[in-house]
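What follows is a single structure, written as structure tokens, with notes after it.
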Amino acid sequence: MVSRVIPVESFDLVIFGGTGDLARRKILPGLYRRFCAGQMPEGARVIGAARADHTDDEFRKLVADSIKEFVPAGRRDAATIKDFAERLHYVSIDARGDKGWSALAKLVRKDVIQAFYFSVGPGLFGDIATRLHKHKLAGNEARIVVEKPFGRDLESAKALNAVLADSFDENQIYRIDHYLGKETVQNLMAVRFANVLFEPLWNAQYIDHVQITVAETVSVEGRGAYYDKSGAMRDMVQNHLMQLLCLTAMEPPSKFDPDAVRDEKLKVIRALDPVPAENIVRGQYGADKDGDSYIAHSENPASKTESFIALKVDISNWRWKGTPFYLRTGKRLKARMSEIIVHFKETPHSIFEEDAGSHANVLTIRLQPDEGMDLRVTIKEPGPGGMRLVDVPLDMTFADALGPDAEDVPDAYERLIMDVIRGNQTLFMRGDEVEAAWSWTDPIIEGWQQRGDQPKTYEPGSSGPEDALMLLHRDARRWREIRK
Ligand code: BG6
């Protein structure tokens, strides 16, 4: 199999916050990888813009260092880093003042695709959008890319949408949720809508329940102040887990086109039931043997912020009524593991002896690590001794099935940036979708704030609080174990 690199038109990509953490870790190394893949056409340029004074050469050095730090050794070499660096420029700019804007206006070309990446806090979105407009920097075809968090509740998201809408049309605004750029997430759509096998069974009649787990081993170290204001609900559920839920639950769109897909996702969000207190478990990790705990990184020693959350979510529509979606995410857990697990129902009647055992089919969609899918099917245990049933995996680890091509799978950011250049919004959130997501999230957060709920303490390196296990046990179900 040969990887296909789809050519894109030439572009000028300006990264506001071009020397910041996200730019250094993800955006610039991602662009370098696309450059190596031959996807950065002749003349395409990347312009870093940030407050600090730097020359082009200093910026190039900073980017080269980031590539060395964040691109594995086998995937980079000094000669291509040098060639890539020639595409880089830098402008020192004041997002809230006038400094740098005329210089930027002179640099950005009008006859190529213009993209402006707002890799800055949401507090600056409005300032930058307004100045781009005022300095006539962005043409009608220009695109802006905005990072999460997109607001912290419905009201602030609406205000952000309004401020961006003053200067840009919706079809110019690319709201990033990097989970949508992950290979397996897109594969979920391919599996559902390019195969006849699953779709007829993809409903409450045949699916018992769905589990979505995004477990992380990392702590909130260095991000305590941000996390105190967000918590796992705002940081992970309102966006990443919600997107995974939408893609699993949505109706087939009429075509794979941005608005058709986003219309269907929006319908799912609007069909989500409010979540009662008994269907929510929040947790906060306690101290490990070195005394490192959530509180150790928090600015508030009495913080009630959750670093873990599990929810049972019901969708009130014809397809899903009666099939719960259990969501769970947390930091400092046992392993890094993100999976969507679709538990089918058992056969309506077993023709085999009771002691043959019975097993339901389970489809696992693994986002990370080891992207792939696994469908468990029930077969006869080989050998004599009558009919005994076992379930065995039909495993499709992408790395095995696709060979070396699987290693060339672009990182989520690379793919999404190239989609911006191509002008394809399918994997980006539309304004109404983000607002709908907050409309569902806000009452849940307000509910626990009003009740004064305390998060349950859980041990670092565990699967989260006991109560999260109970959320499924009481429904006679079990979470898939969080494992390496
Ligand atoms: C980010 C969150 O959006 O996603 C982080 O702010 C989280 O808290 C990260 O760690 C997880 O992303 P990934 O791609 O490593 O699963």
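Numbering of the sequence shown is given in the numbering used here, commencing with residue 76 and proceeding in unit increments. Note that beta-carbon positions come from the ideal geometry of N, C-alpha and C, so glycine has one too. These numbers were taken from a predicted model, which means no experiment stands behind them.
Beta bridge pairing from DSSP links Met504 with Arg250. Nearest to Pro423 by alpha-carbon distance, out of Glu414, Met412, Asn436, is Asn436. Cβ contact annotation for Thr155 (same chain, cutoff 6 Å, sequence separation greater than five): Cys111, in chain order.
Ranked by Cα distance from Ser391, the first of Phe191, Ala385, Phe400, Met493 is Phe400. Here the C-alpha atom of Val356 lies approximately 10 Å from the C-alpha atom of Trp523. The region 499 to 512 makes no contact with the region 180 to 195: fewer than 3 CB pairs, one atom from each, lie closer than 8 Å. Listed in chain order, the beta strand (DSSP E) runs fully inside the region 121 to 172 are 163 to 167, counting runs of at least 3 residues. For Val289, the CB contacts under 7 Å within the same chain, skipping 5 residues up- and downstream, are Met311, His315, Leu316, Thr404, Ser413 in chain order. When the alpha-carbon of Glu144 is set against those of Asp96, Phe200, Met115, Lys223, the nearest one is in Asp96.
DSSP places Lys387 inside the beta strand (DSSP E), whose first and last residues are 383 to 388.
At a Cβ-Cβ threshold of 7 Å, Ile287 and Leu319 count as neighbours.
Fewer than three pairs of CB atoms, one per stretch, sit closer than 8 Å, so the region 111 to 127 makes no contact with the region 220 to 240. At a cut-off of 6 Å, the beta-carbon of Asp486 does not count as near ligand 1: no heavy atom of the ligand is closer than that. For Leu464, the closest C-alpha among the options Thr453, Met471, Asp470 is that of Thr453. 7 Å or more divides the Cβ of Lys387 from the Cβ of Tyr281. Looking from the CA of Ile370, the closest CA among Ala324, Val350, Gly306, Glu353 belongs to Gly306.
Here the distance from the Cβ of Asp332 to the nearest heavy atom of ligand 1 is not below 6 Å. Membership of Glu414 in the beta strand (DSSP E) is indicated by the continuous run 412 to 419. Rounded to whole angstroms, the separation of the alpha carbons of Tyr488 and Lys101 is 7 Å.
Here Gly358 is bridged, per DSSP, to Phe383, Lys531. Ligand 1 has a heavy atom closer than 6 Å to the beta-carbon of Asp310.
DSSP, read as helix, strand or coil, puts Arg403 in strand. Between the C-alpha atoms of Arg126 and Arg490 there is a straight-line separation of about 28 Å. The Cβ atoms of Arg394 and Thr292 lie no closer than 7 Å to each other. Looking at the backbone, the Cα of Tyr301 and that of Ser294 are separated by about 13 Å.
The beta-carbon separation of Leu179 and Val89, rounded to 7 Å, stays under the 8 Å limit for a contact. Burial is judged here by how many other beta carbons sit within 10 angstroms of a residue's own beta carbon; Pro535 has at least 16 and is buried. Of the other Cβ atoms in all chains shown, fewer than 16 fall within 10 Å of the Cβ of His548; this residue is therefore exposed.
Burial check for Ala204: the Cβ neighbour count within 10 Å reaches 16 or more, so the residue is buried. Taking a C-beta distance under 7 Å as the contact criterion, Arg337 and Ala511 do not qualify as a contact pair.
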